[in-house]
Each structure stands twice: as structure tokens, then as C-alpha cells.
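To keep things clear, I will list the structure first and then write my remarks on it.
Number of protein chains: 2
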Amino acid sequence: MSSLTEQLVQFIEAKPIADADLAKASDYVLDALANTRAGQSTEPGRIVKAWGEAAGRDPGREAFQLGALTHILEADDLHRKSVTHPGCVVVPAACALARSTGADGRTFLTAILKGFEAMCRIGAAVGPAHYRTWHNTATCGPFGSAYAAGTLLGLDPRAMVHALGNAGTQSAGLWEFIASGAMSKHLHAGRAAEAGVVAAELAAHGFTGAPSILEGPRGFFAAACPDADPEAVLRAPDEPWQLHLTSIKPWPSCRHTHPAIDAALELAPHVDRFRKVEAWTYRAAIDVCDNVQ
Amino acid sequence: MSSLTEQLVQFIEAKPIADADLAKASDYVLDALANTRAGQSTEPGRIVKAWGEAAGRDPGREAFQLGALTHILEADDLHRKSVTHPGCVVVPAACALARSTGADGRTFLTAILKGFEAMCRIGAAVGPAHYRTWHNTATCGPFGSAYAAGTLLGLDPRAMVHALGNAGTQSAGLWEFIASGAMSKHLHAGRAAEAGVVAAELAAHGFTGAPSILEGPRGFFAAACPDADPEAVLRAPDEPWQLHLTSIKPWPSCRHTHPAIDAALELAPHVDRFRKVEAWTYRAAIDVCDNVQ
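As they're listed, the protein sequences go chains A and B.
Going by our numbering, the residue at position 61 of the first sequence is 1059; the numbering climbs one at a time, nothing skipped.
Going by our numbering, the residue at position 147 of the second sequence is 1145; the numbering climbs one at a time, nothing skipped.
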């Protein structure tokens, strides 16, 4: 019986890819890169860039910086079932490796598609208890960046399993930073992007990892996912690529604000006829968004 | 009330340092570097070096490679209470930063001493359940490398707390690799060494981390240490520096083999009078060491 990671690699490699899938993947690249660009104008973005100027030059370091910058604005994509933002981890890893390997567009977009798939399918299996302490984008991210990087490096399935094993053993990222509003979230995306790149590069050199990293008794689910649902990794094989089930935010703000934005845009042409606008919303939206700075 | 990490920084900064402490620290540097050197002649060591040739040049990358190489031979130091090998994480981080900052010997050895202290004291608090799935050297290592790197970067206590917060949120490393005998353990030491360096460098630029990373409801103990003993972090303040409580292996092999080696050395001068030597030992030693390759 092959391990869950081996089965996931088999599944992803056998899944048909249509041109429409790759075209869709390019939307997520554009969305991620817009976030990368905008993240540079923030305070944590300036710090990451200042740090990066003294950092070495290699694909892992590039993925780190792109990943951190992409996950600052809160405007990046969202895969609901896994509660992850795959773009800020997978796109940076693929960009960094595509540049160093000189990949063509089709290979690059294939890496994005497969990276999203690995990250989202594993993320769908971690269970709700995991999310109470762990930041899913950070913990599941290395699987996505490793898959994208491994695809661009041309890893065979066996080496890809090693890369995913060493991605999973680097899985990290705690929500505790929220208590003080610290900047760790951006670090999480950066390190997750870099972890997968390093795992894939090492695998290309013959460095081995645990094939049973997900379901093994000392693996990721046992250690960090009290109510893991391992079968979710391979569930619903006929679903479209998970990238299609990932949403792109139409407005660069918290999702809770979007209905009000949509309403305001519809009403805007008639604004000279209003004396006053009152917006009502639900509790969670007030908790998160009633925070004018 | 200040956080546990803040109290740990206060404690370490107030603890008196004698010349004998620094002299002792130099033994651990020598022991670690001997392990680094010897690790290069192994198969995983060759892979790490090959990977490193294409990697960027910065202190984090240097710490990564030194850390991975140092934790290959199974001959590095051991702090029993935390079940960690502090040398393979703290010494690489301190070496990398000492080179880039041009630190003098006293500052370098002080960084080693304090890095061991942070890693060992936090490691003593993680509890036995943590060790069932998590590799303590990997998970507690970032605290030690961050403290050593932060000392060399001259971080003030506030920035040191941020560095430790971002070290803890990178805490990772699962035992699952043992099931297949994969090479992940070396990656664990390398990434732990690098994680602390990156956290300290970012803190020097003003990047913030969670002060409550250890004891907070979404922190390290809550997420990964079911039977954590948080009070152990600050227990027995009058003990010598934990570095003094760390052992250096007299022989480059598993501890279980050492009594037989000692006996063999004592008997060696009389070997021509023996017809046969039988060595008896306990079950655990046979399980781990009866594995001639």
C-alpha cells in the first residue's frame, strides 16, 4: 500500500490538464503579483525588502521575499475548504524557480496548478482543530511550494514524494502573533514558500524525506491535527482542479466589507440625491472591520 | 505581567557570566565544528554541500549548511533535560553572524552561552508528549539560534523578544522520517539554525513577533506540547548556565555503545591473552546499535 503522499502525487500527475485550466492559473499569478507589488508599500513590506537587499540570491530567498510581500495586504486569493491562501505561497515559489530554470509558460502554469492542488487538498484534511492554533496557509504552504518547485525542477514521482516529506517536516506557523498584532503572518507565507523550494531543490540532489509524512504515527496529522480527516486528501477526485475552487477578491479589503462596497458602487451614480447613508451589517463583520485607523 | 519570553530574556541578560563559562563555551564550539567537518564526508553531507554551492551567500544560508552538516554523525553534544543537541543549531548560527558582524571572541562565546540557555530552558518545558512526534532539537532550536544571532546583532531586549516570537512561530520538525530512514534530521538542524538567524535579522530591521509565543492560547505550548511544563523555562535560576549541563560525547557513536568502548580500551593492552570476547548489553542498546552495515 503506497503512502498518502505517494497516492496524492499519482493522483495529481494523472489528472488531465486542459488549456482552460492553465488560462485560469494565469489569473491567479496576476492576482498574486498585484498583491506582491502592493505589499511593498507597507511597513512590513519595507522591512522585508530592506532585509532582502542584504540576503543571498537564490530561488528560496526570492520565494521568501515574494511570499512575505504577497501576504501583507489581506487581498490575496482564498481556498475555503482548506482555509488557505495558496497564491501567496505557490506563485512565489513557481516564479522563483521559473526564473532560475528558464521554464516556458506552460510548464510554469502547470506548476501553479499542481502546487495549488497539493496545498488545497492537504489543507482540506487538517481539520478545524488545527486552525485554532496553526495558520493553515503557513503549515500547508510548504506542500504547495514544494510541488510547484518540484514540477519546475522536473522531479520524478519518487523525488517529488521526498520533497513533500521534507516540506511537511518544515510545516510551521502559529496564530499567536494576532494577540499583539505582530508581523509574523508575512514571515509565515515567506518561509512556507521558501521551505518547499528548498525541499524540492534538495530532492533534486537526492536528499530523502518521509513518504508517510501525512498519515504516519509521528507525522503531520498526528502531531498537529487532532481532528484530521486524512481521506479528504484524495476525496472527490472528479472535482475540477482546486485552483478553480479558489476565489479572487474583487476588492482589496476584508470579505466582510464586500457587500457594502458592491452596494455603494451601484448607488454611486445617484449619490447627489442622498442626504445620509447608513450601512448595517452582522456582528463578525463589525468585530473584524470596525477598526478605522 | 510580562510574558514568559520577556522574563526569559530578562533572566538571561541578568545572569552573571564568568570567564570559566566562556572558556567552557569554546569546548562546545570545537566539538560542533569537528562534527561539521566530519559530516561533510557523508552522503547527506555531500548533498548539502552540493546544494549549498548554488545557494545564496548570507548568514542564514551559512547557518543552514553548517547546522545540517553538524547533525549528521550523531556525535554532537546532548542536553538531557531538554533532549536537544544545542551545539548543532546554536554554534552554526553564532558562527555565521560572528563572521558577518566581525564580532570579537568574547561576544561570540557569550552568544553561544546565551543561545544554549534559551534553547535548553525552553526545551526543558516542552514535556514528554512533545517528543513523541516532534524532534526537540528542531522545534526548540530556533529559540537558541535566534538568541545567539540576536546577541551578535546587538538586539535590545525588546527586539530580542520579537526575534524569539518569530523563532517560535517557525518551530518545526517531525520524527516521521525515522520510519523510512530519510535524511530529514539534518534538514531539521539546518532550518532551525537558519530560522533563528532570519528572525533575529528581521527583528534588527523592526519586524515584530509574538511576545506570548510560548504560553499564549495560540502559541507553541498550546499547539505542540500537550503536557508542557511552562514553569520549567525559569526553574532553578541558580543552576549554572545550561551549557555546563550539556554533555560532549567522548566517542563518536551512540551513547549506548560507550560502556563497551571504554571496556575494550581498558582491555586492549591484554588482547593477546584472549581467545574470544563476548559483550552483553540491554535491550534498548541492541535495538538501536545492532545494525552493522
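Glycine is no exception: its CB is placed at the ideal position from the N, C-alpha and C atoms.
So that I know if they touch, is there some Cβ in chain A lying closer than 8 Å to that of residue i?
| i | result |
| --- | --- |
| B:Thr1099 | no |
| B:Gly1139 | no |
| B:Gly1065 | no |
| B:Arg1189 | yes |
| B:Asn1164 | yes |
| B:Pro1267 | no |
| B:Thr1167 | yes |
| B:Ala1226 | no |
| B:Leu1151 | no |
| B:His1203 | yes |
| B:Leu1095 | no |
| B:Glu1051 | no |
When burial is assigned at 16 or more other CB atoms within 10 Å of the CB, is residue i buried or exposed?
| i | result |
| --- | --- |
| A:Tyr1145 | buried |
| A:Trp1249 | exposed |
| B:His1128 | buried |
| B:Ile1284 | exposed |
| A:His1083 | buried |
| A:Met1117 | buried |
| A:Arg1189 | buried |
| A:His1133 | buried |
| A:Phe1279 | Reading the sequence as shown, one finds Thr at residue 1279 of chain A and not Phe. Label assigned to A:Thr1279: exposed. |
| A:Glu1174 | buried |
| A:Phe1272 | exposed |
| B:Ala1300 | The shown model of chain B, from 999 to 1291, leaves out residue 1300 of chain B, and the question about it has no answer. |
| B:Asp1225 | exposed |
| B:Lys1183 | buried |
| A:Glu1011 | exposed |
| B:Thr1038 | In the sequence on display, residue 1038 of chain B carries Gln and not Thr. So B:Gln1038 ends up on the exposed side. |
| A:Ser1178 | buried |
For the alpha helix (DSSP H) that residue i lies in, which residues bound it at each end?
| i | result |
| --- | --- |
| A:Glu1276 | Careful: A:Glu1276 lies outside any alpha helix (DSSP H) and carries neither H nor E. |
| B:Trp1049 | Glu1041 to Ala1052 |
| B:Met1117 | Gly1103 to Gly1121 |
| B:Cys1252 | Looking at the DSSP string, B:Cys1252 is not in any alpha helix (DSSP H), and its letter there is neither H nor E. |
| A:Glu1060 | Pro1057 to Thr1068 |
| A:Arg1156 | Pro1155 to Gly1166 |
| B:Leu1002 | Leu1002 to Ala1012 |
| A:Asp1098 | Checking the sequence shown, residue 1098 of chain A turns out to be Ser, not Asp. Gly1085 to Thr1099 is the span of the alpha helix (DSSP H), which, as asked, contains A:Ser1098. |
| B:Phe1218 | Phe1218 to Ala1222 |
With DSSP collapsed to three states, give me the class of residue i.
| i | result |
| --- | --- |
| A:Ser1182 | helix |
| B:His1268 | helix |
| A:Leu1212 | coil |
| A:His1128 | helix |
| A:Leu1232 | coil |
| A:Ser1024 | helix |
| A:His1133 | coil |
| A:Ser1245 | strand |
| A:Thr1206 | coil |
| A:Leu1031 | helix |
| A:Leu1172 | strand |
| A:Leu1076 | strand |
If we define contact as Cβ-Cβ less than 8 Å, is residue i a contact residue for chain B?
| i | result |
| --- | --- |
| A:Pro1042 | yes |
| A:Asp1056 | yes |
| A:Glu1072 | no |
| A:Ile1176 | yes |
| A:Pro1209 | yes |
| A:Leu1185 | yes |
| A:Ser1182 | yes |
| A:Ile1015 | no |
| A:Gly1214 | yes |
| A:Glu1004 | no |
Do the CB positions of residue i and residue j come within less than 8 Å of each other?
| i | j | result |
| --- | --- | --- |
| B:Arg1076 | B:Ile1015 | Reading off the sequence shown, one finds Leu at residue 1076 of chain B, where the question assumed Arg. No, these two residues do not count as a Cβ contact at 8 Å. |
| A:Leu1006 | A:Arg1104 | no |
| A:Gly1207 | A:Gly1142 | no |
| B:Ala1101 | A:His1203 | no |
| B:Gly1194 | B:Ala1091 | yes |
| B:Leu1185 | A:Thr1137 | no |
| A:Thr1003 | A:Pro1209 | yes |
| B:Ala1066 | B:Val1081 | no |
| B:Pro1072 | B:Cys1287 | Note on residue identity: the sequence assigns Glu, not Pro, to residue 1072 of chain B. No. Outside cutoff. |
| B:Leu1020 | B:Pro1057 | no |
| A:Ala1201 | A:Gly1139 | no |
| A:Cys1223 | A:Gly1125 | yes |
| A:Gly1217 | B:Leu1172 | yes |
| A:Gly1085 | B:Ala1053 | no |
| B:Phe1062 | B:Glu1192 | yes |
| A:Leu1241 | A:Ala1023 | yes |
| A:Asp1074 | A:Asp1025 | no |
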